[in-house]
Each structure stands twice: as C-alpha cells, then as structure tokens.
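Residue numbers (the working numbering): 2 to 357.
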C-alpha cells in the first residue's frame, strides 16, 4: 500500500510540474487529460496523508509503551494506539477502493437512450416513466438534462427518447443503468385487472468530447427536415430538424428539440461523436472482458437488469439479488441506494480479481 502511494505521489508531483509548462497549457487536449488525472490523484493523495498519519501515530504509541515509565503517559499512549487501530482498517479499505484502476470514462457526461420494448403502449408509457425517473435523479444531483430527440407513443410516453446529462461523475453513476428494465403492473386499458409485463431498454453512452473522436465532416451527409410533434410555431413549417448520416459506419442521428437549426446540428454532432466513440469503447471493453467478466456493468443491452413490480411495490435488482419495497420513491428518482450497491459489488469483483 505504501509503495503504491509513493508511486502516486511521484506522479502527482510530475503532473504539477507538467501543468505549468507553456507547451502543455497550449495543447487543450493534453491539458484537460492531465487536469482530470491530477484531480483524481489528489483525492487519493489526501486520503493517503491521513493513512500515513495514522501509521505514524501507531508507531509513536508503540514506542512510548515500550519505553515510557510514567503511568499517565502510558495511558495516553494506549488510548492513542487503541484509537488509531480502530481507524486503520476503514482507511485501508477506502484506499483499496480508491486504488482500483478507474474507468477513464467515469468523469464524462452521458447520452442516454430509452427505447420501448415488448408490451405495446404500456412499454412506451414505462419508457416515459424511466425518463422522468432519470430526470428527477439528475435534478437531485444538480446535473443538467437536455432533450435531443424523441418519438412519442400513441397512448403516452415514448417509443424512443434520447437525451444528454451533464454534471460531475455522471457516467460513473449512470453506467449501471444500461440494460433491459421490466415493469409488472395493471395497464390503464386493462379491464380485467390483469397484471401485464412490459419492458424498455436503457442505453448509457459516455459522451465524447471533440478531441475523443476525429470526425471528418466529409463523411457526414446532413439532411434538413421540418420538425414533428406537438405544439410550437416552427413545427412542420421551418427546416430546423437535423438528420445526420455517417457514411463509413452507417450511423444515423436525428435532433429536432430546438427551434434553431444550428443548435440541433450541434446536438446531433455531439450524439454522433458519442456513438462513434462507443465503437472504440466497445473494442476496449471486449478486450478487458477476456480478463474479467463483470456481472454488474457488462454493457449487455439484452440483459434483464431490474424489475419494477407495482402490485407488490417492489424493485428487484437482478444482478446483485437486491430487493427494495419502496417503488414510489425509486420511480420518482431515488435510485442512489441501488447505484451505491452496484458500485460496491463491482469494486468487490475487481478486488477479488486482483487478489486471486
């Protein structure tokens, strides 16, 4: 542990020197990358200082107990030793978690896509419920949600909705939400009172920054169309909606949320970069999965991860066997407890892999 901390301290000092060099400051891409590394390392360094201080207290107390004759000083030393020994295991566990190699995308914003699956109109309504859940959760975290594109359901909700979320450590928290979410409840249209099962797929992509993807605009065909959907003077009248076709990959992106064509183009390009970046991320993760198969954040979009059972007021998180009987609070955005447990499970997986 001490050797690892010493290596990180040396890297921290190196970063401190690098970030004041004019050639680094002038290179935006490198400066941002180094700044993120510096910020992440500082948290570990600060925790490491506390850890070293506790070790020093233990050493001093043990030396006093070995050599001191004065009863009062011995009592003080024993109290110091006892207190430090109580603090040490917690600090060591915290540092072990902090020293786990961090996902380089954890600090990124995200683009989320929710698509109604099996279940017809009820699946679209459920997709709308999930969008509201993530919006409420984001508001509670102080994050900003921006709608990109949507396709409304015939009886409410969305057949598909795409939005981005920006803030601090967004991907680190929301990456665990990717997968199939299932709902069990009695639809409003059900006259017999039977419980139906519907599903929606949630996709969580780390948002690509401009320097993450080398996008050649000559490979992009831009299609300008009129907006569709309810309300607004510009709907069906001005060519403000944007559809991008990336010829090499076959990826298509649409954006019609803004009245301004320029703003829609900017949003669509952000989503296109993100999807291209995802292709690179998937390559990296497929290589990593050969070394370690995680049941928590495998990124498998077809995996059923969670069930929302309305008759029982129950949420079941299938990946870790977690059940919560507080569905109203969860569907209103109180999902941090679930996310914390998923983070803990993944960290345990990684630590076990390191120790075996």
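Ideal Cβ positions, reconstructed from N, Cα and C, are used throughout, including at glycine.
Cβ-based burial, residue 199 [other Cβ within 10 Å; buried from 16]: On the chain shown, position 198 is the one that residue 199 refers to. Answer is buried; the Cβ neighbour count reaches 16.
Spatial neighbours of residue 191 in its chain, beta-carbon cut-off 8 Å, leaving aside the 5 residues before and after: For this step, residue 191 is matched to residue 190 along the chain shown. The answer, listed in chain order, is 197.
C-beta atoms of residue 118 and residue 201 nearer than 9 Å: Here the question's residue 118 lines up with position 117 in the chain shown. Here the question's residue 201 lines up with position 200 in the chain shown. Their beta carbons are under 9 Å apart, which means residue 118 touches residue 201 by this criterion.
Residue 120 - DSSP class collapsed to helix/strand/coil: Along the chain shown, one-based indexing puts residue 120 at 119. Coil at residue 120, not helix or strand.
Euclidean distance between Cα positions of residue 111 and residue 187: Taking the chain shown and counting its residues from 1, the one referred to as residue 111 is at position 110. Taking the chain shown and counting its residues from 1, the one referred to as residue 187 is at position 186. Residue 111 and residue 187: Cα-Cα distance of roughly 32 Å.
Rounded distance between the beta-carbons of residue 185 and residue 353, thought under 8 Å: Position 352 of the chain shown holds residue 353. Position 184 of the chain shown holds residue 185. About 33 Å separates the two Cβ atoms, so there is no contact after all.
Secondary structure of residue 280, DSSP reduced to three states: Within the chain shown, numbered from 1, the residue matching residue 280 stands at position 279. Helix at residue 280.
Option nearest residue 83 by Cα separation, candidates 101, 62, 313, 180: Working through the chain shown from its first residue, we reach residue 83 at position 82. Of the candidates 101, 62, 313, 180, the one whose C-alpha sits nearest the C-alpha of residue 83 is 62.
Chain-order list of residues whose beta-carbon lies under 6 Å from that of residue 238 (same chain, five-residue window excluded): What you label residue 238 is simply residue 237 of the chain shown in a count that begins at 1. At residue 238, the pLDDT of 47 sits below 50, so the modelled position is not reliable; the number obtained from the coordinates is stated separately. Nothing listed; no residue qualifies.
Validate contact between the segment 137-154 and the segment 252-268 using beta carbons, cut 8 Å, 3 pairs: yes
C-alpha distance - residue 71 paired with residue 78, whole-angstrom precision: Along the chain shown, one-based indexing puts residue 71 at 70. Along the chain shown, one-based indexing puts residue 78 at 77. Those two C-alpha atoms are separated by around 11 Å.
Spatial distance of residue 12 from residue 55 (CA atoms): The residue given as residue 12 occupies position 11 in the chain shown. The residue given as residue 55 occupies position 54 in the chain shown. Computed Cα separation, rounded: 23 Å.
Residues that DSSP places opposite residue 165 in a beta bridge: Taking the first residue of the chain shown as position 1, residue 165 is located at position 164. DSSP, once it has assigned bridges, lists 112, 147 as partnering residue 165.
Extent of the continuous beta strand (DSSP E) run through residue 310: Taking the chain shown and counting its residues from 1, one reaches residue 310 at position 309. Unbroken beta strand (DSSP E) run through residue 310: 305-310.
Inter-residue Cα distance where the pair is residue 64 and residue 3: One-based indexing of the chain shown puts residue 64 at position 63. One-based indexing of the chain shown puts residue 3 at position 2. Approximately 21 Å, taken between the alpha carbons.
Exposure label - residue 134; buried when at least 16 CB within 10 Å: Indexing the chain shown from 1 puts residue 134 at position 133. Classification for residue 134: buried.
CA-to-CA distance, residue 7 to residue 350, given in whole angstroms: Position 349 of the chain shown, counting from 1, holds the residue named residue 350. Position 6 of the chain shown, counting from 1, holds the residue named residue 7. Rounded to the nearest angstrom, the two C-alpha atoms are 25 Å apart.
Distance between residue 168 and residue 75 (C-alpha atoms, nearest Å): Locating residue 75 in the chain shown gives position 74, where the first residue counts as 1. Locating residue 168 in the chain shown gives position 167, where the first residue counts as 1. Answer to the nearest angstrom: the Cα atoms are 51 Å apart.
Supposed contact pair residue 206 and residue 279 - C-beta distance, whole angstroms, cut 8 Å: For the purposes of this step, residue 279 is identified with residue 278 of the chain shown, where counting begins at 1. For the purposes of this step, residue 206 is identified with residue 205 of the chain shown, where counting begins at 1. With 8 Å as the limit, residue 279 and residue 206 qualify as a contact, their Cβ atoms being about 5 Å apart.
Beta-carbon spacing of residue 17, residue 32 below 9 Å: By 1-based counting over the chain shown, the position of residue 17 is 16. By 1-based counting over the chain shown, the position of residue 32 is 31. Against a cut-off of 9 Å, the Cβ pair of residue 32 and residue 17 comes out as no contact.
Residue 163 versus 342, 27, 271, residue with shortest Cα-Cα distance: The residue you call residue 163 lines up with position 162 of the chain shown. The option with the nearest alpha carbon to residue 163 is 271.
When 337, 283, 218, 121 are compared against residue 266, the one with the closest alpha-carbon: Looking up residue 266 in the chain shown gives position 265. The candidate whose alpha carbon is nearest that of residue 266 is 218.
Outcome for residue 232 when other beta-carbon atoms lying within 10 angstroms are tallied against a minimum of 16: Within the chain shown, the letter at position 231 stands for residue 232. Confidence is the limiting factor: at residue 232 the pLDDT is only 43, short of 50, which leaves the residue's position unreliable, though a coordinate-based value still follows. Exposed.
Own chain residues within Cβ distance below 6 Å of residue 115, not counting five before or after: Walking along the chain shown from the start, residue 115 turns up at place 114. Cβ within range, chain order: 128, 131, 132, 162, 201, 203.
Beta-carbon contacts of residue 25 that lie in its chain and below 8 Å, excluding the five residues immediately before and after: On the chain shown, residue 25 is found 24 positions in, with the first residue counted as 1. Excluding residues within five positions, the ones whose Cβ falls inside 8 Å are 19, 31, 32, 35.
Residue 207: first and last residue of the uninterrupted beta strand (DSSP E) it sits in: Your numbering for residue 207 matches position 206 in the chain shown. Looking at the DSSP string, the run of the beta strand (DSSP E) that includes residue 207 is 197-207.
Through-space distance from residue 42 to residue 52, alpha-carbon basis: Working through the chain shown from its first residue, we reach residue 52 at position 51. Working through the chain shown from its first residue, we reach residue 42 at position 41. Taking the straight line joining both Cα atoms gives about 15 Å.
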